[in-house]
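J.: One structure coming up, written as structure tokens, with questions to follow.
2 protein chains.
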Amino acid sequence: MDELLEADGRALKHVRVREYVRNLVSGSAPGSPAPSERELVQQFGVARMTVRQAMDALVVEGLLERIPGRGTFVARPRRTASRITGYTEEMTRRGMLAESQTLLARREQAGPGVARALSLTEGDALIHWRRLRRADGVPMCIEDAYLNEILLPGFLQSGMPTSLYDALDARGLRPTWAEDSIQADKATAEEAQLLEVEPLTSVLRHSRRAICGDKVVEVSRSVYRADRFTLWVQLGSDA
Amino acid sequence: MDELLEADGRALKHVRVREYVRNLVSGSAPGSPAPSERELVQQFGVARMTVRQAMDALVVEGLLERIPGRGTFVARPRRTASRITGYTEEMTRRGMLAESQTLLARREQAGPGVARALSLTEGDALIHWRRLRRADGVPMCIEDAYLNEILLPGFLQSGMPTSLYDALDARGLRPTWAEDSIQADKATAEEAQLLEVEPLTSVLRHSRRAICGDKVVEVSRSVYRADRFTLWVQLGSDA
DNA sequence: TAGTGGTCTAGACCACTAT
DNA sequence: TAGTGGTCTAGACCACTAG
Numbered sequence: 001m002d003e004l005l006e007a008d009g010r011a012l013k014h015v016r017v018r019e020y021v022r023n024l025v026s027g028s029a030p031g032s033p034a035p036s037e038r039e040l041v042q043q044f045g046v047a048r049m050t051v052r053q054a055m056d057a058l059v060v061e062g063l064l065e066r067i068p069g070r071g072t073f074v075a076r077p078r079r080t081a082s083r084i085t086g087y088t089e090e091m092t093r094r095g096m097l098a099e100s101q102t103l104l105a106r107r108e109q110a111g112p113g114v115a116r117a118l119s120l121t122e123g124d125a126l127i128h129w130r131r132l133r134r135a136d137g138v139p140m141c142i143e144d145a146y147l148n149e150i151l152l153p154g155f156l157q158s159g160m161p162t163s164l165y166d167a168l169d170a171r172g173l174r175p176t177w178a179e180d181s182i183q184a185d186k187a188t189a190e191e192a193q194l195l196e197v198e199p200l201t202s203v204l205r206h207s208r209r210a211i212c213g214d215k216v217v218e219v220s221r222s223v224y225r226a227d228r229f230t231l232w233v234q235l236g237s238d239a
Numbered sequence: 001m002d003e004l005l006e007a008d009g010r011a012l013k014h015v016r017v018r019e020y021v022r023n024l025v026s027g028s029a030p031g032s033p034a035p036s037e038r039e040l041v042q043q044f045g046v047a048r049m050t051v052r053q054a055m056d057a058l059v060v061e062g063l064l065e066r067i068p069g070r071g072t073f074v075a076r077p078r079r080t081a082s083r084i085t086g087y088t089e090e091m092t093r094r095g096m097l098a099e100s101q102t103l104l105a106r107r108e109q110a111g112p113g114v115a116r117a118l119s120l121t122e123g124d125a126l127i128h129w130r131r132l133r134r135a136d137g138v139p140m141c142i143e144d145a146y147l148n149e150i151l152l153p154g155f156l157q158s159g160m161p162t163s164l165y166d167a168l169d170a171r172g173l174r175p176t177w178a179e180d181s182i183q184a185d186k187a188t189a190e191e192a193q194l195l196e197v198e199p200l201t202s203v204l205r206h207s208r209r210a211i212c213g214d215k216v217v218e219v220s221r222s223v224y225r226a227d228r229f230t231l232w233v234q235l236g237s238d239a
């Protein structure tokens, strides 16, 4: 007998069928046939509605595709929207070494703009974290992150992490939604000095408001050297 | 009797129930209760599985939320990824008047880069459409669009539309997926002249590869005046 | 013609919530 | 205790596809 049929007899029947089918087809090429519903009814000794419930879940998930009169097949993988990433993950993905140098990390009182963006009240305490970020040892961007202290108790005291997004992840606060704005501009004198370019060199300004559920977890403004950085974005998703 | 119960007796029962519930709750505040499943069984004289099928669809859609032991309620609207829009729709959304002046519209042979981006073979025929695009009468961007002629038969002959995306829509080719890249740069002499700015002024370069299903429907390169344009992007979606 | 998924019935028992 | 959604059964008929 298939060991998966025996595994965890306490599990719900439709879950057992679902996971059996998931394991069966994982790795199969798109278009490969899945077992027919009546076949699974026989194998598992359950009602057809139970099998349909299991298969429905996999169809909604995008793993399977039903074709009336033909059968159920492994679906072409759906394109999905970009994972929301921070600097460290993004540069690593590009095969570069991401490093950061903290220029400033302290509690501040929220000004009107940042307060609104973070869904705080003006004057509330927030964390302001400014970093010079390098890629392969060369300055890439200056990032000012503003964080809600309430969501990150002890953050400043616990030693700053390399990756803000890893730290958010660890607290179950990885953003699932982000509102970004992107502008072309020229570097100010101070920015130019930090980025090691001439003043008035082209830079890309990138602002983000990152949200997890109902909570605004990060508001940030970054300025990237235009000669080193192209922003890539994937939009939309398959129906 | 409720007129919706009578409407289109040919429709499938689960569809009738689904649309009845959709109409009933549309406009209701999140958290408002939907009818209970057994209530709908009574009202429509159908089996409970049929009602569950109807409700399942609305739950997957994100309109309803089930809470075991309590009931079914109107869900908080999900955040969804940005609709993929073109210049005309985007400027209209910003409350500006979008106008375009065609600088060039002709068949060309695909060069290596554009061929690969459009999933064509080098030397294949494509449509090259260059426009100066204004917002409220002032130059905003120059856009070079490259289109697969096979997908748009008679496009050049039929008179160019104002909105490429409307034209794609009409042919069932509205992109559901886009891969964009964004860079900061300085205007070339030619770009500066068309955009009515000084040479070396900051510009935002925006490239797009837009896809509908398996078909690459548009490859474009746009250059925006940085003093007039900020790109906005929403990323991710609720789970 | 045999097999497939799509729809539908008329029940059942369970765990959970609210009163 | 009454009501809710969650799970499950054992059938049924339909339209469609493929050999």
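Protein sequences appear in the order of chains A and B. Position 50, counted from 1, in the first sequence is what UniProt numbering calls 50; the numbers after and before it change by one each time, with no gaps. Position 81, counted from 1, in the second sequence is what UniProt numbering calls 81; the numbers after and before it change by one each time, with no gaps. Glycine included, every Cβ here is placed at the ideal spot set by N, Cα and C.
1. Spatial neighbours of residue 171 of chain B within its chain, please: C-beta separation below 8 Å, excluding the five flanking residues on both sides.
2. Since residue 117 of chain A and residue 216 of chain A should fall inside the 8 Å C-beta cutoff, what is the C-beta to C-beta distance between them, to a whole number of angstroms?
3. Assuming residue 176 of chain A is part of the alpha helix (DSSP H), what are its boundary residues?
4. Measuring alpha carbon to alpha carbon, tell me which residue in B:219, B:141, B:225 and B:16 is nearest residue 99 of chain B.
5. Please name the residue, chosen from B:196, B:185 and B:20, that lies closest to residue 201 of chain A on a Cα-to-Cα basis.
6. Quick one: complete beta strand (DSSP E) runs, 3+ long, within the region 43 to 77 of chain B?
7. Is residue 33 of chain A helix, strand or coil when you go by DSSP?
8. Taking DSSP as the reference, what is the three-state secondary structure of residue 136 of chain B?
9. Kindly list the residues whose CB is nearer than 6 Å to the CB of residue 6 of chain B, restricted to its own chain and excluding five residues on each side of it in sequence; keep chain order.
10. Can you name the residues that DSSP bridges to residue 224 of chain B?
11. So is residue 179 of chain B in contact with chain A if we call contact Cβ pairs under 9 Å?
12. Answer with yes or no whether the minimum CB distance from residue 238 of chain A to chain B is below 9 Å.
13. Kindly say whether residue 88 of chain B, judged by its beta-carbon, lies nearer than 9 Å to any beta-carbon of chain A.
14. Could you give the distance in angstroms between the alpha-carbon of residue 93 of chain A and the alpha-carbon of residue 115 of chain B?
15. Anything in the region 148 to 168 of chain B with a Cβ closer than 7 Å to a Cβ of chain A? List those residues in chain order, please.
16. Should the region 126 to 135 of chain B be regarded as contacting the region 103 to 112 of chain B, the criterion being three or more beta carbon pairs within less than 8 Å?
17. Any Cβ of chain B within less than 9 Å of the Cβ of residue 120 of chain A?
18. Compare the beta carbon distance of residue 87 of chain B and residue 222 of chain B with 9 Å and say whether it is the shorter of the two.
19. Compute the Euclidean distance between the alpha carbons of residue 63 of chain A and residue 192 of chain B, then round it to the nearest angstrom.
20. Closer than 7 Å between beta carbons: that is the criterion. Which residues of the region 200 to 227 of chain A meet it against chain B?
T.: The answer reads as follows:
1. 151 and 152
2. 7 Å
3. First-last for residue 176 of chain A: undefined, no H or E at that position.
4. The residue with the shortest Cα to Cα distance from residue 99 of chain B is B:141.
5. B:185
6. 64 to 67 and 71 to 74
7. strand
8. The three-state secondary structure of residue 136 of chain B, taken from DSSP, is coil.
9. Bear in mind that a pLDDT of 38 at residue 6 of chain B, under 50, signals an unreliable position, so the number given afterwards is only what the model happens to contain. The answer is none, since no qualifying residue turns up.
10. B:141 and B:204
11. yes
12. yes
13. Closer than 9 Å to the CB of residue 88 of chain B there is not a single CB belonging to chain A.
14. 26 Å
15. none
16. By the Cβ criterion, the region 126 to 135 of chain B is in contact with the region 103 to 112 of chain B, since at least three pairs of Cβ atoms, one from each stretch, lie closer than 8 Å.
17. no
18. Residue 87 of chain B places its beta carbon less than 9 Å from that of residue 222 of chain B.
19. 49 Å
20. Per Cβ criterion, the list reads 202, 203, 204 and 226.
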